[in-house]
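Chains A and B are the protein sequences, given in the same order.
Residues in the first sequence are numbered from 24 upward in steps of one, following the numbering used here.
Residues in the second sequence are numbered from 14 upward in steps of one, following the numbering used here.
Below is one structure, written out as structure tokens; comments come after it.
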Amino acid sequence: GAVVSQHPSRVICKSGTSVKIECRSLDFQATTMFWYRQFPKQSLMLMATSNEGSKATYEQGVEKDKFLINHASLTLSTLTVTSAHPEDSSFYICSAVEAVSNQPQHFGDGTRLSIL
Amino acid sequence: AQSVSQHNHHVILSEAASLELGCNYSYGGTVNLFWYVQYPGQHLQLLLKYFSGDPLVKGIKGFEAEFIKSKFSFNLRKPSVQWSDTAEYFCAVNALRNTDKLIFGTGTRLQVFP
Numbered sequence: 024g025a026v027v028s029q030h031p032s033r034v035i036c037k038s039g040t041s042v043k044i045e046c047r048s049l050d051f052q053a054t055t056m057f058w059y060r061q062f063p064k065q066s067l068m069l070m071a072t073s074n075e076g077s078k079a080t081y082e083q084g085v086e087k088d089k090f091l092i093n094h095a096s097l098t099l100s101t102l103t104v105t106s107a108h109p110e111d112s113s114f115y116i117c118s119a120v121e122a123v124s125n126q127p128q129h130f131g132d133g134t135r136l137s138i139l
Numbered sequence: 014a015q016s017v018s019q020h021n022h023h024v025i026l027s028e029a030a031s032l033e034l035g036c037n038y039s040y041g042g043t044v045n046l047f048w049y050v051q052y053p054g055q056h057l058q059l060l061l062k063y064f065s066g067d068p069l070v071k072g073i074k075g076f077e078a079e080f081i082k083s084k085f086s087f088n089l090r091k092p093s094v095q096w097s098d099t100a101e102y103f104c105a106v107n108a109l110r111n112t113d114k115l116i117f118g119t120g121t122r123l124q125v126f127p
């Protein structure tokens with residue numbers, strides 16, 4: 024089946040640090056990838072839609088300068104949390120959709136980000 | 014705005030009990046519907062999906078869901094749960110006007126005791 028690899032799985036860093044999270048589709052090409060944020064005991068909230076070769080589309084209330092998304096190839100999208108602060112601590116999850124119609128999203132394992 | 018409601022936040026069952034998890038959505042147009050499962054320590058996995066056709070959809074591990082358009086519902090069912098079904102279950106809706114964008118419900122935590 025389709026596999027999405029997300030790295031790193033856990034990051035602990037100091038306030039002010041920038042953190043990059045990678046999302047890779049291992050055995051399929053993904054023209055579209057999604058980045059979600061999940062708070063404890065809450066649902067996944069879509070942050071942005073990442074399209075290969077073009078600018079990401081951010082959801083309302085998500086700061087594009089804070090959460091930089093790059094989708095440079097059909098198998099890789101990155102999310103960079105710039106100048107992270109404790110309120111950015113969360114569980115970040117990516118998903119990818121195959122470049123074929125009517126395909127479900129395949130999810131990565133998520134990244135637990137803790138900002139001290 | 015589109016939304017997805019899962020009314021059961023936490024469900025506790027004994028093995029062999031029947032399961033039904035509610036999911037309602039608010040969107041008047043054509044939708045694709047999904048149920049995802051997240052086992053402890055694992056990523057989200059697709060249980061089943063509805064795009065069109067027979068509103069009763071069968072998924073993996075004995076799960077099924079019924080799309081009732083008039084009720085804007087897509088409830089998940091399993092006639093006899095197992096301890097290994099302990100997990101978090103998420104309903105999600107894709108409004109076709111928004112391509113692949115998914116709106117998730119808040120999730121239902123299912124605990125099954127032997």
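No residue lacks a Cβ here, since even glycine has one placed at the ideal position from N, Cα and C.
All values derive from a computational prediction rather than experimental measurement.
**Report entry** Same chain, Cβ closer than 8 Å to Phe90 (chain A), neighbours up to 5 away in sequence not counted
**Finding:** Trp58, Met70, Ala71, Tyr81, Leu102, Thr103, Val104 and Thr105
Query raised in the report: So, is the C-beta of Leu67 (chain A) closer than 7 Å to a C-beta in chain B?
Result: yes
Requested in this report: Compare the beta carbon distance of Asn37 (chain B) and Ser86 (chain B) with 7 Å and say whether it is the shorter of the two.
Outcome: yes
Query raised in the report: Going along chain B, which residues have a C-beta under 9 Å from Phe130 (chain A)?
Result: Tyr49, Gln51, His56, Leu57, Gln58 and Leu59
Query raised in the report: Around the Cβ of Pro92 (chain B), are there at least 16 other Cβ atoms within 10 angstroms (buried) or fewer (exposed)?
Result: exposed
Requested in this report: Measure the Cβ-Cβ separation of Ala122 (chain A) and Gln29 (chain A) and say whether it is below 7 Å.
Outcome: no
Query raised in the report: Between Gly35 (chain B) and Gln58 (chain B), which are expected to be in contact by the criterion C-beta below 8 Å, what is the C-beta distance as a whole number of angstroms?
Result: With a Cβ gap of about 20 Å, Gly35 (chain B) and Gln58 (chain B) do not count as contacting.
**Report entry** For Ser106 (chain A), the three-state DSSP class (helix, strand or coil)
**Finding:** coil
Query raised in the report: In chain B, what lies closer than 9 Å to Gly133 (chain A) by C-beta?
Result: His56 and Leu57
Query raised in the report: Quick one: what does DSSP say Lys78 (chain A) is sitting in, helix, strand or coil?
Result: coil
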